[in-house]
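Visitor: Below you'll find the structure I mean.
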Amino acid sequence: MSHPQQQSNKHCSKPAFRSQSRPSSSAHGRLSFMDLPLEIRKMVYSMALISPTPLIAWSGMPLPELVKSPFALNMISVYETPHSFYIDDYLKNALPVERLMVSLSLVSRNISSEIARVFWSYNTFRFIGEWIWDTVLEWLIRIGSVNRSYITRLEFQMFQLQHVWQLSEPIGARTQLALPEASTAQSWQEEENRREIVYPLSRHLIRPESKTSTGFSTGDQFLDPPQGLSGAVENISPKMEVVMKMLARAGKWTKVRLTMLLPSHLVPGVQMWGRGSSPSQQRKYWMSMDLPNVIESCIATHAVDGSKQIEVLWKCKERGMSLQDNKHLLQEQGWEIIYTRHEDYCSFHRDWDTFFTMKRKEVHGPFIASDPSPHSEAYLQE
1 MSHPQQQSNK
11 HCSKPAFRSQ
21 SRPSSSAHGR
31 LSFMDLPLEI
41 RKMVYSMALI
51 SPTPLIAWSG
61 MPLPELVKSP
71 FALNMISVYE
81 TPHSFYIDDY
91 LKNALPVERL
101 MVSLSLVSRN
111 ISSEIARVFW
121 SYNTFRFIGE
131 WIWDTVLEWL
141 IRIGSVNRSY
151 ITRLEFQMFQ
161 LQHVWQLSEP
171 IGARTQLALP
181 EASTAQSWQE
191 EENRREIVYP
201 LSRHLIRPES
211 KTSTGFSTGD
221 QFLDPPQGLS
231 GAVENISPKM
241 EVVMKMLARA
251 GKWTKVRLTM
261 LLPSHLVPGV
271 QMWGRGSSPS
281 QQRKYWMSMD
291 LPNVIESCIA
301 THAVDGSKQI
311 EVLWKCKERG
321 MSLQDNKHLL
331 QEQGWEIIYT
341 RHEDYCSFHR
351 DWDTFFTMKR
361 KEVHGPFIAS
371 DPSPHSEAYL
381 QE
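As structure tokens, then:
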């Protein structure tokens, strides 16, 4: 990890151990820890090395900086969201586990091997901050194939995906967002362009070639000018497929769960928030189905006999009435809501804040790429 990971990364790769182990103390009539039955040792490991709150896989900053960051102070959102990260919980529960793991790994090879299975199997590892799929891939490589095979739960603090501009000529080509003219201050478009390089449309999505009255078509007949294909679209790294392929490889467990933690009002495929406001505000709450579709297609592509099942959950937060009114649209997009929790009733709005968890129903490709953002005009403004 690179943050608190500067401490915990020490246990990601195999540490160097002395070639000779300590002589057994049982010969002198004393009972050593390794003389205990394996079941007892596992109980001790479980009590010491399993955190009730997620450990940090990556945050992009050292611990002292992380403690003072907006992520730790929960300044990203005034209210609790699935996206929230609480530094106090991490310092109290997770950080001691990370540090203890490092210390115990240095005791002996046998103990290092035994605790690795418990540590990586029963803890949840979370990526927070401005991570990208390259970040996840590098972390999976760094922890090694054995530890990677034990992983059962990963969480990702999600932000709105990077947006790039899709051109109508040549059809489907993509480039960075245009910058406003005569602007001395750094624009939000410039910040957006800095996030990642521009990737072509994912190979798991079919590029629409024309637009009809009912949406885009991939046929030969052009009913509308191809200009309907231009606009802001989401930038998806092909490294994500490599991550899914690595996680699908056979290991000790048969399933690994990935949980996407979204900020308030950002719901894949259905925009419920921001209607009636300016395009510059509405653009912040738009997310297409491209990423969920690409993830599901990657999982299906690399699923073979004996491989791990990858389950992907999406945790969101929205106003209760908005969710109720738009539930049918989520179902049309292939979503199944598997959990809801209502809280923080607002007497002014006469509505609840609703936390809900979704997963995709069994879907079969091919997937047609989503339309560009309906708020694309906002990307051309200063």
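In this text, residue positions in the sequence shown follow the UniProt record's numbering: the first is 1, and each later residue adds one. C-beta: ideal position from N, C-alpha, C; glycine also.
Taking just the CA atoms, how far does PRO366 sit from GLU98?
Guide: Taking the sequence shown and counting its residues from 1, one reaches residue 98 at position 98. Taking the sequence shown and counting its residues from 1, one reaches residue 366 at position 366. One C-alpha to the other measures close to 42 Å.
Visitor: Considering GLN157, what are the terminal residues of the beta strand (DSSP E) in which it resides?
Guide: By 1-based counting over the sequence shown, the position of residue 157 is 157. Here the beta strand (DSSP E) through GLN157 covers 153-157.
Visitor: Measure the Cβ-Cβ separation of LEU154 and PHE119 and say whether it is below 8 Å.
Guide: By one-based count along the sequence shown, residue 154 stands at place 154. By one-based count along the sequence shown, residue 119 stands at place 119. Going by C-beta atoms, LEU154 is not nearer than 8 Å to PHE119.
Visitor: Is the separation between the beta-carbon of GLU80 and that of HIS163 shorter than 8 Å?
Guide: Numbered from 1 along the sequence shown, position 80 holds the residue referred to as residue 80. Numbered from 1 along the sequence shown, position 163 holds the residue referred to as residue 163. It is not a contact, given that the beta carbons lie outside the stated cut-off.
Visitor: So what does DSSP say about SER112, is it helix, strand or coil?
Guide: Along the sequence shown, read from residue 1 onward, the residue named residue 112 stands at position 112. It is helical.
Visitor: Using a Cβ-Cβ cutoff of less than 6 Å, which residues in the same chain neighbour THR53 once the five nearest sequence positions on both sides are dropped?
Guide: Here residue 53 corresponds to residue number 53 of the sequence shown, with the count starting at 1. ASP89, ASN93, ALA94.
Visitor: Considering only C-alpha positions, which residue in the set GLU296, ALA369, GLU332, ASP351 is nearest to HIS342?
Guide: Reading the sequence shown from its first residue, position 342 is the one you call residue 342. It is ASP351.
Visitor: Cα separation between ILE132 and SER103?
Guide: Here residue 132 refers to the residue found at position 132 when the sequence shown is read from its first residue. Here residue 103 refers to the residue found at position 103 when the sequence shown is read from its first residue. When rounded, the distance between both Cα atoms is 30 Å.
Visitor: Could you compute how far the alpha carbon of LEU329 sits from the alpha carbon of VAL270?
Guide: The residue you call residue 329 lines up with position 329 of the sequence shown. The residue you call residue 270 lines up with position 270 of the sequence shown. So the alpha carbons of these two residues sit roughly 7 Å apart.
Visitor: So what does ILE310 bridge to, in DSSP terms?
Guide: For the purposes of this step, residue 310 is identified with residue 310 of the sequence shown, where counting begins at 1. DSSP lists VAL256 as partners of ILE310.
Visitor: Grouping DSSP H, G and I as helix and E and B as strand, with all else coil, what is MET358?
Guide: Residue mapping note: residue 358 aligns to position 358 of the sequence shown, counting from 1. Strand.
Visitor: By a C-beta neighbour count over all protein chains shown, 10 Å radius and 16 as the cutoff for buried, is PRO37 buried or exposed?
Guide: In the sequence shown, the residue the question calls residue 37 occupies position 37. Flag for PRO37 reads exposed.
Visitor: May I ask you to report which of helix, strand or coil DSSP gives HIS265?
Guide: By 1-based counting over the sequence shown, the position of residue 265 is 265. HIS265 falls in the coil class under three-state DSSP.
Visitor: Which complete beta strand (DSSP E) runs does the segment 81-131 hold, if anything under 3 residues is left out?
Guide: As far as the segment 81-131 is concerned, its whole beta strand (DSSP E) runs of at least 3 residues are 125-127.
Visitor: What did DSSP end up calling ILE337 once you bin it into helix, strand or coil?
Guide: Here residue 337 is taken as the residue at index 337 of the sequence shown, counted from 1. ILE337: strand per DSSP, three-state reduction.
Visitor: Grab the span of the alpha helix (DSSP H) containing GLU331 for me, first residue to last.
Guide: On the sequence shown, residue 331 is found 331 positions in, with the first residue counted as 1. It should be noted that the sequence gives Gln, not Glu, for residue 331. Its alpha helix (DSSP H) spans residues 320-332.
Visitor: Where does LYS317 sit, in a helix, a strand or coil, going by DSSP?
Guide: Counting from one through the sequence shown, the residue named residue 317 turns up at place 317. Three-state result, LYS317: strand.
Visitor: I'd like the span of the beta strand (DSSP E) that includes LEU55, first residue to last.
Guide: Residue 55 sits at position 55 when you count from the first residue of the sequence shown. LEU55 -> beta strand (DSSP E) spans 55-58.
Visitor: Less than 8 Å between the beta carbons of LEU380 and ALA173, yes or no?
Guide: In the sequence shown, counting from the first residue as 1, residue 380 sits at position 380. In the sequence shown, counting from the first residue as 1, residue 173 sits at position 173. Cβ distance not < 8 Å, so LEU380 and ALA173 don't count as in contact.
Visitor: Flag this pair as yes or no: are the beta carbons of MET287 and VAL267 separated by less than 8 Å?
Guide: As a working note, residue 287 is residue 287 in the sequence shown. As a working note, residue 267 is residue 267 in the sequence shown. In contact: MET287 and VAL267 (Cβ atoms closer than 8 Å).
Visitor: Taking all protein chains shown into account, do 16 or more other C-beta atoms lie within 10 angstroms of the C-beta of ASP353, making it buried, or fewer, making it exposed?
Guide: Along the sequence shown, one-based indexing puts residue 353 at 353. Buried.
Visitor: Which residues bound the alpha helix (DSSP H) around VAL146?
Guide: Here residue 146 corresponds to residue number 146 of the sequence shown, with the count starting at 1. From DSSP, the alpha helix (DSSP H) with VAL146 extends over 145-150.
Visitor: Report the option in ILE236, GLY251, THR301, MET272 whose CA atom is closest to the CA atom of ASP325.
Guide: Mapped onto the sequence shown, residue 325 falls at position 325. When each option's Cα is compared against that of ASP325, the closest is MET272.
Visitor: Can you tell me whether DSSP reads VAL243 as helix, strand or coil?
Guide: Here residue 243 refers to the residue found at position 243 when the sequence shown is read from its first residue. Note: VAL243 maps to helix in three-state DSSP.
Visitor: Can you tell me where the beta strand (DSSP E) with TRP165 in it begins and where it stops?
Guide: Numbered from 1 along the sequence shown, position 165 holds the residue referred to as residue 165. Unbroken beta strand (DSSP E) run through TRP165: 163-166.
Visitor: Spell out a yes or no on whether the segment 306-313 and the segment 236-255 are touching, meaning 3 or more CB-CB pairs, one atom from each, closer than 8 Å.
Guide: Yes, the segment 306-313 touches the segment 236-255.
Visitor: Between which two residues does the beta strand (DSSP E) holding VAL233 run?
Guide: As a position in the sequence shown, residue 233 is number 233, starting the count at 1. Where VAL233 is concerned, the enclosing beta strand (DSSP E) stretches over 231-234.
Visitor: Does the Cβ of LEU140 have 16 or more other Cβ atoms within 10 Å, making it buried, or fewer, making it exposed?
Guide: Along the sequence shown, one-based indexing puts residue 140 at 140. Flag for LEU140 reads buried.
Visitor: Of all the options PRO70, SER297, GLU169, SER376, which has the alpha carbon lying nearest to the alpha carbon of TRP284?
Guide: For the purposes of this step, residue 284 is taken as residue 284 along the sequence shown, with counting starting at 1. Looking at the sequence provided, one finds Lys at residue 284 rather than Trp. Comparing Cα-Cα distances from LYS284 to each of PRO70, SER297, GLU169, SER376, the minimum goes to SER376.
Visitor: Helix or strand or just coil, what does DSSP make of ASP305?
Guide: Taking the sequence shown and counting its residues from 1, the one referred to as residue 305 is at position 305. Coil.
Visitor: Is it the case that the Cβ atoms of ILE338 and LYS361 are separated by a distance below 8 Å?
Guide: For the purposes of this step, residue 338 is taken as residue 338 along the sequence shown, with counting starting at 1. For the purposes of this step, residue 361 is taken as residue 361 along the sequence shown, with counting starting at 1. Not closer than 8 Å, so no.
Visitor: Under 6 Å Cβ to Cβ from THR357, same chain only, skipping five residues before and after it: list those, please.
Guide: Sequence index remark: in the sequence shown, residue 357 carries index 357 (1-based). If we look at THR357 and ignore the five residues flanking it on each side, its Cβ neighbours are LEU313, LYS315, ILE338, TYR339.
Visitor: Report the rounded CA-to-CA distance for SER202 versus MET244, giving the unit in angstroms.
Guide: Translated into the one-based positions of the sequence shown, residue 202 becomes position 202. Translated into the one-based positions of the sequence shown, residue 244 becomes position 244. Distance between the alpha carbons of SER202 and MET244: 14 Å.
Visitor: Cα separation between TRP335 and GLY60?
Guide: For the purposes of this step, residue 335 is taken as residue 335 along the sequence shown, with counting starting at 1. For the purposes of this step, residue 60 is taken as residue 60 along the sequence shown, with counting starting at 1. For TRP335 and GLY60, the distance between alpha carbons rounds to 32 Å.
Visitor: Using only alpha-carbon positions, find the residue among SER121, MET43, MET289, LEU161 that is nearest to residue 415.
Guide: With the chain covering only 1 through 382, there is no way to say anything about residue 415.
Visitor: Can you list, in chain order, the residues of its chain with a C-beta nearer than 8 Å to that of PRO372? Leave out the 5 residues immediately preceding and following it.
Guide: Residue 372 sits at position 372 when you count from the first residue of the sequence shown. Counting only Cβ-Cβ distances below 8 Å, and skipping sequence neighbours, we find GLN166, LEU229, SER230, GLY231, ALA232, VAL233.
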